[in-house]
Amino acid sequence: MSKKQKWWHNAVVYQIYPRSFYDSNNDGIGDINGIRKKLPYLEKLGISVIWLSPVYCSPNDDNGYDISDYYDISPDFGTLNNMKALINEVKAHNIKIIMDLVVNHTSDEHKWFIEAKSSKDNKYRDYYIWRSGDKNTPPNDLKSCFGGSAWEYDVTTDEFYLHFFSKKQPDLNWKNPQMRQDIWDMMNYWIDLGIGGFRMDVIDLIGKEVDLKIKENGPKLHEYIQEMYENTLKDKDLLTVGECWGANPDIAKLFSAENRHELSMVFQFEHIMLDQNGEDKWNLKPLDLLELKRVFTKWQTELKNEGWNSLFWDNHDLPRIVSRWGNDKKYRVESAKMLAILLHGMKGTPYIYQGEEIGMTNIDFNGIEDFADIEAINAYKERISLGYNEKDVLKSLRAKARDNARTPMQWNDEANAGFTKGKPWYRVNPNYTQINVKQALADKNSIFYCYQKLIQMRKENPIMVYGDYELLLPEDKNIYAYKRTYQDKTWLIICNFYEHNVEFSLNGTGKILISNYENSCTDLTKGKLRPYEAIIYEWIQ
Ligand code: TEU
Ligand code: CA
Numbered sequence: 010m011s012k013k014q015k016w017w018h019n020a021v022v023y024q025i026y027p028r029s030f031y032d033s034n035n036d037g038i039g040d041i042n043g044i045r046k047k048l049p050y051l052e053k054l055g056i057s058v059i060w061l062s063p064v065y066c067s068p069n070d071d072n073g074y075d076i077s078d079y080y081d082i083s084p085d086f087g088t089l090n091n092m093k094a095l096i097n098e099v100k101a102h103n104i105k106i107i108m109d110l111v112v113n114h115t116s117d118e119h120k121w122f123i124e125a126k127s128s129k130d131n132k133y134r135d136y137y138i139w140r141s142g143d144k145n146t147p148p149n150d151l152k153s154c155f156g157g158s159a160w161e162y163d164v165t166t167d168e169f170y171l172h173f174f175s176k177k178q179p180d181l182n183w184k185n186p187q188m189r190q191d192i193w194d195m196m197n198y199w200i201d202l203g204i205g206g207f208r209m210d211v212i213d214l215i216g217k218e219v220d221l222k223i224k225e226n227g228p229k230l231h232e233y234i235q236e237m238y239e240n241t242l243k244d245k246d247l248l249t250v251g252e253c254w255g256a257n258p259d260i261a262k263l264f265s266a267e268n269r270h271e272l273s274m275v276f277q278f279e280h281i282m283l284d285q286n287g288e289d290k291w292n293l294k295p296l297d298l299l300e301l302k303r304v305f306t307k308w309q310t311e312l313k314n315e316g317w318n319s320l321f322w323d324n325h326d327l328p329r330i331v332s333r334w335g336n337d338k339k340y341r342v343e344s345a346k347m348l349a350i351l352l353h354g355m356k357g358t359p360y361i362y363q364g365e366e367i368g369m370t371n372i373d374f375n376g377i378e379d380f381a382d383i384e385a386i387n388a389y390k391e392r393i394s395l396g397y398n399e400k401d402v403l404k405s406l407r408a409k410a411r412d413n414a415r416t417p418m419q420w421n422d423e424a425n426a427g428f429t430k431g432k433p434w435y436r437v438n439p440n441y442t443q444i445n446v447k448q449a450l451a452d453k454n455s456i457f458y459c460y461q462k463l464i465q466m467r468k469e470n471p472i473m474v475y476g477d478y479e480l481l482l483p484e485d486k487n488i489y490a491y492k493r494t495y496q497d498k499t500w501l502i503i504c505n506f507y508e509h510n511v512e513f514s515l516n517g518t519g520k521i522l523i524s525n526y527e528n529s530c531t532d533l534t535k536g537k538l539r540p541y542e543a544i545i546y547e548w549i550q
């Protein structure tokens with residue numbers, strides 16, 4: 010083996026969006042005690058890590074990604090003591106918790122920003138990014154990811170501050186060493202409480218050079234990450250994953266090559282952007298399977314010896330994969346399992362987003378009033394004002410809105426899907442009567458058990474963790490096939506991406522390790538796949 014083995018190499022991570030996971034006190038909002046109640050469920054699934062989306066104090070302009078106190082828990086989610094109890098309890102279930110680290114920006118209600126905006130000579134002024142300018146003319150044309158200018162005029166000091174997200178999320182100034190020290194102290198506080206690592210929100214933005222209009226991958230980015238490592242992560246054996254929308258494989262290697270002392274891995278989004286035209290996620294285009302194969306293969310190959318991949322379809326910012334690239338009607342179960350097998354067969358650390366393991370789907374939206382997310386609401390306003398027709402705008406929102414992922418977790422077929430006995434903070438998908446955890450656990454052929462088996466296979470088979478990847482049938486427009494090889498073993502992973510039958514011809518025979526159908530073929534010279542059929546074979550050639 011070319012590199013040292015790490016505990017997170019064969020781990021599978023489960024992302025919890027706490028607001029929508031499980032409500033323990035019936036105020037309609039999922040909470041930390043709700044997570045504690047569901048630990049046996051997660052242990053049964055077999056995951057080793059929970060990535061917990063933000064639970065810190067927040068005015069919730071962006072559902073917790075706008076933090077007003079990094080040291081305390083939002084009353085929506087419970088108390089610091091509840092959090093300490095959770096960090097402690099997970100150990101008995103062989104689970105570690107990684108926390109979301111949102112340090113590109115704070116909330117405008119964070120005490121640093123309240124100080125900073127009070128006067129130009131306040132000692133926190135330089136913790137944020139200020140530029141002068143006429144109040145009607147922003148310093149430059151940098152845009153916010155949530156629409157409009159990235160600059161907001163502040164009347165008290167007659168300057169603009171930068172916000173790459175909402176105006177309630179002012180960007181921190183990473184050039185300030187005292188600010189960085191405060192971040193290291195905060196990270197060490199959570200590390201000392203016993204967490205297993207961090208998922209770092211939009212970490213590739215912290216090296217920004219606003220006057221040069223550089224947002225991602227700025228010149229000092231890696232210097233800051235190495236300084237972070239020295240001051241916090243070093244010798245701690247944590248899992249760290251950086252969210253990097255601007256990553257290519259070379260950049261990912263800078264972050265994740267072991268000898269660089271930065272992070273364990275990054276989230277890259279190249280595959281996620283394949284069903285959009287250009288930069289704008291609302292400009293829809295159909296997915297081309299050949300492109301998907303090309304992109305995954307590039308990442309699998311480039312990070313083969315150096316760096317490490319993360320593997321994911323879903324998170325709290327993305328629509329549900331079974332609705333996106335599977336079939337959430339007739340073949341929901343088959344296609345959800347196919348997508349799971351395709352992804353979990355690869356090399357890297359897989360991430361499962363809550364509800365993915367039971368095949369939760371996108372939700373229907375009637376009109377704009379059904380959306381809750383600031384990104385969707387702003388995009389709607391912006392597009393309507395630019396003259397787009399409403400039908401098209403809603404079509405894009407239905408397909409891509411983050412709200413699709415944020416509906417409450419479907420636990421059973423009782424009121425509100427068993428998520429709360431109160432009034433849920435956001436709409437429950439009406440399909441909960443069919444799609445829910447209770448049903449999944451009672452059906453031995455459910456999507457849940459397919460995920461459970463894939464997770465178990467990863468723990469037991471070094472080939473799944475360390476085997477080399479090679480794409481097969483690269484020109485086939487229907488089938489995604491690849492092999493993994495490790496020592497004297499070869500596995501074949503083969504998936505029909507569509508709902509018609511397809512044939513293939515390879516050599517040898519296959520011993521079925523997992524399949525989403527009964528009686529899959531074993532003669533690989535005369536291969537046949539039914540709609541969305543997916544199999545992992547031990548390949549005998
Ligand atoms: O997401 C980063 C980010 O760039 C997203 O806003 C992305 O552009 C969008 O979701 C794609 O549709 C992170 C968090 O995951 C997200 O929830 C936050 O809103 C954002 O940062 C700001 O903290
Ligand atoms: Ca609650």
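Counted the way our numbering counts, the sequence shown spans residues 10 to 550. Positions of the beta carbon are idealized from the N, C-alpha and C atoms, including for glycine.
### Query
Helix, strand or coil for I44 per DSSP?
Assigned with DSSP and collapsed to three states, I44 falls in helix.
### Query
Does the separation of the CB atoms of I82 and T88 fall below 9 Å?
yes
### Message
My output table needs one value for L371: the three-state DSSP class, helix, strand or coil.
### Response
Here residue 371 is Asn; the residue named in the question, Leu, does not match the sequence. N371: coil per DSSP, three-state reduction.
### Message
So, for N516: in the same chain, excluding its five sequence neighbours on each side, which residues have a beta-carbon less than 7 Å away from its beta-carbon?
### Response
L533, T534 and Q550
### Message
So, with DSSP's three-state summary, where would you put P483?
### Response
In the three-state DSSP reduction, P483 falls in the coil class, being neither helix nor strand.
### Message
Is it buried or exposed, D117, if we count other Cβ atoms within 10 angstroms and call 16 or more buried?
### Response
Here D117 is buried: its Cβ has 16 or more other Cβ atoms, across all protein chains shown, within 10 Å.
### Query
Does at least one heavy atom of ligand 2 sit under 8 Å from the Cβ of D485?
no
### Query
Rounded C-beta distance between V22 and T358? I'm assuming under 8 Å.
6 Å
#### Entry: 4 or more residues per run - each alpha helix (DSSP H) lying fully within the region 375–414
383–394 and 399–409
### Query
Which word fits I372, buried or exposed, when buried means at least 16 other C-beta atoms lie within 10 angstroms of its C-beta?
buried
### Query
Expressed to the nearest angstrom, what Euclidean distance is found between the alpha-carbon atoms of C504 and E279?
21 Å
### Task
Output the distance between the C-alpha atoms of K462 and W139, rounded to the nearest integer angstrom.
52 Å
#### Entry: Reduced DSSP secondary structure (H/G/I, E/B, other) of D561
Residue 561 lies beyond the range of the chain shown here (10 to 550); nothing can be said about it.
### Task
Name the one or two DSSP bridge partners that D78 has.
C66
### Query
If we ignore side chains and look at the alpha-carbon of each, how far apart do S158 and N375 end up?
29 Å
### Query
Roughly how many angstroms lie between the CA atoms of Y26 and K144, to the nearest whole one?
38 Å
### Query
Measuring CA to CA, which of A349, N336, D289 and F207 is closest to V275?
F207
### Message
For Q285, list the residues DSSP reports as bridge partners.
### Response
L293
### Query
Among F513, I350, F173 and N292, which one has its Cα closest to the Cα of Y74?
F173
### Query
What are the complete beta strand (DSSP E) segments, minimum 3 residues, inside the region 305–365?
358–362
#### Entry: 4 or more residues per run - each alpha helix (DSSP H) lying fully within the region 183–226
Along the length of the region 183–226, whole alpha helix (DSSP H) runs at least 4 residues long occupy 186–201, reported in chain order.
#### Entry: Closest Cα partner of D326 within the set Q24, W16, K13 and W17
Q24
### Query
Would you call V592 buried or exposed, if buried means 16 or more other Cβ atoms sit within 10 Å of its Cβ?
Outside the displayed span of the chain (10 to 550) sits residue 592, for which this structure offers no information.
### Task
Go through the residues and name those whose CB comes closer than 5 Å to any heavy atom of ligand 1, in chain order.
D71, Y74, C154, F174, D210, V211 and D326
### Query
Can we say the region 496–515 touches the region 472–479, given the rule of at least three CB pairs closer than 8 Å?
yes
### Task
Specify the secondary structure class of D109 as computed by DSSP and reduced to three states.
In the structure shown, D109 sits in a strand (DSSP, three-state: E or B).
### Message
Taking its Cβ as the centre, do 16 or more other Cβ atoms sit within 10 Å of I281, making it buried, or is it exposed?
### Response
buried
#### Entry: Rounded separation between P49 and A101 - CA only
Cα to Cα, the separation comes out at about 10 Å.
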